[in-house]
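J.:
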Amino acid sequence: MAGCIDRGLDHVRAEQESIRKYVKDIEEVAATLEPGAESCADRQEKFKGLIDRFERTEDPIHRHMAALMTSFLAGLFVAAGKFEEIKDNLDLERWFRLPKSHERRIHGRRHAGIRIVQDGPTLVLALDAHVAHPGPFTAEDLLPYRTAREPACQREALHRRKIMRKARSKKKRPILLAELESRYRETPVF
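Residues in the sequence shown are numbered from 51 upward in steps of one, following the working numbering.
1) Determine the DSSP secondary structure at Thr82, reduced to helix, strand or coil.
2) Do you know offhand how far Arg63's Cα is from Asp191's?
3) Rounded to whole angstroms, what is the Cα-Cα separation between Glu78 and Leu123?
4) Take the Cβ of Ala117 as the centre, count every other Cβ of all protein chains shown within 10 Å, and call the residue buried at 16 or more, exposed below.
5) For Phe97, which residues in the same chain have their Cβ closer than 8 Å to its Cβ, ignoring the five residues on either side in sequence?
6) Use the C-beta contact count for Ile213: other C-beta atoms within 10 angstroms, 16 or more gives buried, fewer gives exposed.
7) What residue does the alpha helix (DSSP H) around Val181 start on, and which one ends it?
8) For Phe187, count neighbouring Cβ atoms within 10 angstroms of its own Cβ and tell me buried if that reaches 16, exposed if not.
9) Which whole runs of the alpha helix (DSSP H) in the stretch 199–237 are 4 residues long or more, in chain order?
10) Restricting to Cα atoms, I'd like to know which of Asp92, Ala91 and Lys74 is closest to His112.
11) Using the three-state DSSP reduction, which class does Met51 fall into: helix, strand or coil?
12) Any idea if Leu313 is buried or exposed, counting beta-carbon neighbours within 10 angstroms, 16 or more meaning buried?
13) Alpha carbon to alpha carbon, how far is Thr237 from Glu231? Give it in angstroms, no decimals.
14) What is the rounded straight-line gap between the Cα of Arg57 and the Cα of Arg93?
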């Protein structure tokens, strides 16, 4: 069996070498996106430099990477330096049902994600609560928030979503239309 594996690896060795080079390029791009010792402006310059380097090559994969990076450029470095302290806590995101990093950061299509739009007013505060709190939350810590309600804008967004989901459903659309018609007939005309 080991001989078969070795023969198979020998057969694709050239492709693996080219893939390893692409992986190094992707690691360079990823390093420009991670906040660290460098400022946002420095990382943005490196990102643009990588785009230029990829555009100058004849390799179609590098050209595709450059086009993709250019499309993401509008949203990746928004408000340079202003939000440097905001970092995704990836360990917490893996273990809890939290918005993942792609939902939290504005990407190239300038859209923050449906979950942030609908649950954002309360969700973002809950996600970053661990930053200001030194340890695990206890019942006493959470007691003042027992009567808290979600803001009206969040309730309205969730209500609009329910209506739009019914409107898209082939089964529930007639029921929704009947409800809307009955509401229309019940409203007084002045």
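Here a beta-carbon is modelled for each residue, glycine too, at the ideal position from N, C-alpha and C.
T.: Taking the coordinates as given:
1) Note: Thr82 maps to helix in three-state DSSP.
2) Taking the straight line joining both Cα atoms gives about 58 Å.
3) 15 Å
4) exposed
5) Val79, Thr82, Leu83, Met119, Leu123, Leu126 and Phe127
6) exposed
7) Ala179 to Ala182
8) exposed
9) 202–218 and 223–236
10) The residue with the shortest Cα to Cα distance from His112 is Lys74.
11) coil
12) No answer is possible for residue 313: the residues shown for the chain start at 51 and end at 240.
13) 10 Å
14) 43 Å
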